[in-house]
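Peer 1: Those protein sequences? They're chains A and B, same order as listed. Residues in the first sequence are numbered consecutively from 355, following my numbering. Residues in the second sequence are numbered consecutively from 2, following my numbering. Quick one: this structure, given as structure tokens, is what I'll be asking you about.
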Amino acid sequence: MADASSLGFWVVPIAVLGGAVRVSTPFLFVSLGECLTERSGRINLGLEGTLVMSAMVGYGVSYVSGSPWLGVLAAALTGAVLGAVHAVICGLPKVNDIAVGIALMLFGIGLAFFLGKPLIAPKANILPAIDFGWWTTIPQLHDALKINVLFLLGVVLAPVLVWALRSTRWGLVLRTAGESADAARAMGYSVNRIRLRATMTGGFLAGIGGSFLSLYYPGNWNEGLSSGQGITAVALVIFARWNPMLCFWASLLFGGAAALGPALQSVQITWGYHLFGAAPYILTLAIMIVTCSPKRTLVGAPAELSITK
Amino acid sequence: MTFAVTSKAIGGRLIGDRFASTAEVVVIPVIAVIAALIAFGGFVGLFGVNPVELYTDMYMGAFGTFFSWQNTLTRAAPLILTALCTALPAQLGMVVIGGEGALVMGGLCATAAGLALLGAPPVVVQLAMAVAGMAAGGFWIAFAGALRHYRGVNETISTLLLNYIAIAILNHLVEGAMRDPASLNKPSTHSIGDQNMIGLIPGLGVHWGILFGVVAALIAYILVFHTVFGFSARIAGGNLRAARVVGLPVGKLILTMCFLGGCSAGLAGMVEIAAVQERANANLAAGYGYTGILVAFLARQNPLACIPVAILLGGIGASGGLLQRRLDLPDASVLVLQGIIFIAVLASDTLYGRFKIFQSKAV
């Protein structure tokens, strides 16, 4: 306790940093997934629904099987299935991908609430964390340095995706579909099939992000689990200029913003708790205002993307 | 003589074509809704619920009795208004999904106006509340329109973010500056007072909000389809470049349409406060804004069609309680059904132009 008081106001930045690592994980996975989907020329706004639905499935599977890792896998597969639904419907001619995303967002949330009713009370096994803070006696710092494996997976995944998009045949085909559907067709590829795979992979990753919510932090299932993290992550991809590595840094920034409210609360500053809770949304909006422009298309934007056309 | 015959034939064919294309926009969404109802019936069947029983109960809960009609129309009122928040900007090709935020801001500002004028004659208070609510909602969505026009910020994402920001402002104020200290369990503002409530339509038992909704939808319909302004907006929605070439004030169109849409959703917030809730609290964000998006898409962004569609979805919402009591289904069943309908309606967009009977024979 002496340590806590001697830290004084340093508690806040430490908590923000620890929170940034914790809170950013779902942002990271959703934005990496959405980044892939958008690079193939389609936008999936339904990832908010995917996040909630997969969080519920992950929690349920972990509760029934006792293995949180099985829960993560089930959550990821749920995400892939929802991604496939989005891709198949958007693959029909004349269907608007933005609107389908909104519909899937509402559907995913509704379905998760419907099926997740019995999961609100029971406690499922949650994911373990790796303790990087064994050397310190300061409880706050120790807490901040408990890092979940999924976060580390995300840290590895971001540069891998950069490499895969840049240097593999698969990445090139995906980017071709995103830049010019005609070019991809001319090369003999089915644009719909490429986008189906990209959206399913995107949903798979977003599903992992969802399992983090219910199986690590906050580590339970309730109907208020995600309020807009999914959609913030979609906006974050625009801010990150469709670059997986920038998605990583942006996720950390957003995680830090989201952790600000709880961090201030820990030093008894309760004023504006809800406003600080809205910090990621305000930050997203502010960043979009600063970085977008009506005159030119954004640098790095896939040319086939409906949201920037 | 031959000329007269020809022109008559053309006239007859045009009327036939017009009927055929109207039939198409009615028949295809109906097919989509029926497909969604079948899919949802199969879904609840998995949980051991008999779909026939389900839909009988739903019909009873929505339209079966006088009481259920009251419940349905009470829910339809805000749905018409929030649907217009999506349908009006949609004329310009914009996808605005900020009805929930505009409703919340409208309700909050209407409450603030009502509380500031406590003691004034009820008519004055109600008028001030309506103006405050509409202005708040209007500026809220017009802000997103301005971001789109001046900064190129995608309006779908910005309006969704604004929803979360609006709810945060609501929670911040009802738990802080505007809180009635007597509201312990559920932080709320002070009551706007019984005398200031807008009350029920005599003999119907439904509050006046439904009339506001119908009038707003009529005005919106006339604006979109029978004024030069609406015509310009639809041109800009069809082809932005063409609109710029012929010198249409695209920015003004975007800002005005967004403002009017937001006004409508803001009015929904005012109605929720002045006819149902009496005070602002977290209940204001009950999801009418999100269901309104579905109403607008199902109505194919036609303001007039929003009225029957809102009544249909209001009915589905109204039947939720009965499903919970009679069939032991979770309250989220309504959300699932709405989601399935939404997906089916959007997927049905692909059917337009596929059925021969609806196509113009002139081609």
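All residues carry an ideal CB built from backbone N, CA and C; glycine is no exception.
Taking C-alpha atoms, which residue in A/A552, A/S580 and A/F486 lies nearest to A/S565?
Peer 2: Of A/A552, A/S580 and A/F486, the residue nearest in Cα terms is A/S580.
Peer 1: Per the DSSP calculation, B/S189 is bridged to which residue(s)?
Peer 2: B/N282
Peer 1: With H, G and I counted as helix, E and B as strand and the rest as coil, what does DSSP make of A/K477?
Peer 2: Of the three classes helix, strand and coil, the one that applies to A/K477 here is coil, per DSSP.
Peer 1: Taking 8 Å as the limit between beta carbons, can you name the residues of its chain near B/A40, skipping five residues before and five after?
Peer 2: I341 and A345
Peer 1: Do A/L504 and A/T379 have their C-beta atoms within less than 7 Å of each other?
Peer 2: yes
Peer 1: Could you tell me the boundaries of the alpha helix (DSSP H) in which B/N172 lies?
Peer 2: E156 to V175
Peer 1: Please name the residues in the stretch 440-454 of chain A whose beta-carbon is closer than 8 Å to at least one beta-carbon of chain B, in chain order.
Peer 2: I443, L446, P447, K448, V449, N450, I452, A453 and V454
Peer 1: What does the Cβ neighbour count give for B/Q196, buried or exposed, with the cut at 16 atoms within 10 Å?
Peer 2: exposed
Peer 1: Quickly, what does DSSP pair A/N576 with across the bridge? List them, please.
Peer 2: DSSP, once it has assigned bridges, lists no residue as partnering A/N576.
Peer 1: Which residues does DSSP pair with A/A483 in a beta bridge?
Peer 2: A/N502, per the DSSP bridge assignment.
Peer 1: Indicate whether A/W625 and A/M410 have their beta-carbon atoms separated by less than 7 Å.
Peer 2: no
Peer 1: Once the 5 residues before and after B/A10 are set aside, which same chain residues still bring their CB inside 8 Å of it?
Peer 2: Residue placement at B/A10 is poorly supported in this model, since its pLDDT is 45, which falls under 50; the coordinates are not used for a value here.
Peer 1: Output, in chain order, the set of chain A residues within a Cβ distance shorter than 7 Å of B/Q339.
Peer 2: L460 and G464
Peer 1: I need the boundaries of the alpha helix (DSSP H) containing B/R180, first residue and last residue.
Peer 2: No alpha helix (DSSP H) holds B/R180; DSSP gives it neither H nor E.
Peer 1: By the 7 Å beta-carbon criterion, what residues does the stretch 326-358 of chain B contribute toward chain A?
Peer 2: Taking a C-beta cut-off of 7 Å against chain A, the contacting residues of the stretch 326-358 of chain B are P331, A333, S334, L336, V337, Q339, G340, I341, F343, I344, L347, A348, D350, T351 and Y353, listed in chain order.
Peer 1: Output needed for A/G362: all residues of its chain with C-beta closer than 6 Å, excluding positions within five of it in sequence on either side, in chain order.
Peer 2: none
Peer 1: A/T638 touches chain B at which residues, Cβ-Cβ below 7 Å?
Peer 2: Ordered by position in chain B, the residues that pass the 7 Å Cβ test against A/T638 are L162.
Peer 1: Mapping the DSSP letters down to three states, classify A/L652 as helix, strand or coil.
Peer 2: The answer is coil: DSSP assigns A/L652 none of H, G, I, E or B.
Peer 1: With DSSP as the reference, please indicate the residues paired to B/L305 in a beta bridge.
Peer 2: None; B/L305 has no bridge partner.
Peer 1: For chain A, find out if any of its Cβ atoms is closer than 7 Å to the Cβ of B/N51; answer yes or no.
Peer 2: The Cβ of B/N51 sits no closer than 7 Å to any Cβ of chain A.
Peer 1: Determine contact between the stretch 156-175 of chain B and the stretch 586-604 of chain A, defined as no fewer than three beta-carbon pairs at a distance below 8 Å.
Peer 2: yes
Peer 1: Quick one: Cα of A/R376 to Cα of B/L74, how far?
Peer 2: 45 Å
Peer 1: Residues bridged to B/L201 by DSSP?
Peer 2: B/H208
Peer 1: Pick helix, strand or coil for B/T72, following the three-state DSSP scheme.
Peer 2: Note on identity: in this sequence residue 72 of chain B is Asn, with Thr being the wrong assignment. Here B/N72 sits in helix by DSSP.
Peer 1: With 7 Å set as the bound, which would you pick, yes or no: does the beta-carbon of A/S647 sit closer than that to a beta-carbon of chain B?
Peer 2: yes
Peer 1: Could you tell me how far apart the beta carbons of A/I397 and B/V154 are, in whole angstroms, since I believe they sit closer than 8 Å?
Peer 2: Contact flag wrong, Cβ pair sits at about 15 Å.
Peer 1: Within 10 Å of its beta-carbon, does A/G437 have 16 or more other beta-carbons around it, so buried, or fewer, so exposed?
Peer 2: buried
Peer 1: Buried or exposed: which applies to B/V6, given that a residue is buried once 16 or more other Cβ atoms fall within 10 Å of its Cβ?
Peer 2: At B/V6 the pLDDT is 43, less than 50, meaning the model places this residue with poor confidence; the figure from the coordinates comes in the next sentence. By the neighbour-count rule (16 or more Cβ atoms within 10 Å), B/V6 is not buried but exposed.
Peer 1: For B/A221 and B/G99, I'd like the C-alpha separation in whole angstroms.
Peer 2: 18 Å
Peer 1: Who are the Cβ neighbours of B/F4 in its own chain at under 6 Å, not counting the five residues just before and after it?
Peer 2: Residue confidence is low: B/F4 scores 43 on pLDDT, short of 50, so the model does not pin down where it sits. No coordinate-derived value is stated.
Peer 1: What in chain B is Cβ-close to A/F602, meaning under 9 Å?
Peer 2: The contact set of A/F602 on chain B, defined by CB atoms closer than 9 Å, is empty, because the minimum CB distance reaches about 20 Å.
Peer 1: Under the assumption that A/R393 contacts A/R529 (Cβ atoms under 8 Å), give the Cβ distance between them as a whole number of angstroms.
Peer 2: Right, their Cβ atoms sit about 6 Å apart.
Peer 1: Indicate the three-state DSSP secondary structure (helix, strand or coil) for A/G542 in the structure shown.
Peer 2: coil
Peer 1: Rounding to the nearest angstrom, what Cα-Cα distance links B/L104 and B/I168 in this structure?
Peer 2: Roughly 10 Å separates the two Cα atoms.
Peer 1: Does the pairing of the stretch 284-302 of chain B with the stretch 115-125 of chain B give three or more beta-carbon distances under 8 Å?
Peer 2: no
Peer 1: Short of 8 Å Cβ to Cβ, which residues in the stretch 568-602 of chain A face chain B?
Peer 2: S581, G582, I585, T586, V588, A589 and I592
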